[in-house]
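The sequence shown lines up with residues -8 to 58 when you count with this note's numbering. Written out below as structure tokens is the structure these notes cover.
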Amino acid sequence: MLSWLVDRPNRMLEKQRYYQNSTKPLWRRSPRASLLLTPYYALFTVTMMGSVYGAYDLVFGKPVAKE
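This is the structure in structure tokens:
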């Protein structure tokens, strides 16, 4: 029933060689790193720009209108 999960070959040594021989930073060594990090960086950039814009608008927003 679970043979597809239990009877798998052990690929730990080849994965270890791949990760240790790579000169990339650790968070970019995985084959799926660009797939996962690109949307993260994009979302992080957009939210940081929104936060900076909001803070700027609060500090240097419209002056108080005199009545």
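Backbone N, C-alpha and C fix where the C-beta goes; we use that ideal spot for every residue, glycine too. None of the values given here were measured: they were computed from a predicted structure.
Taking C-alpha positions only, S21 is separated from S13 by approximately 10 Å. Taken atom to atom, the span from the alpha-carbon of M39 to that of G45 is near 10 Å. CA-CA distance, T29 to S42, rounds to 20 Å.
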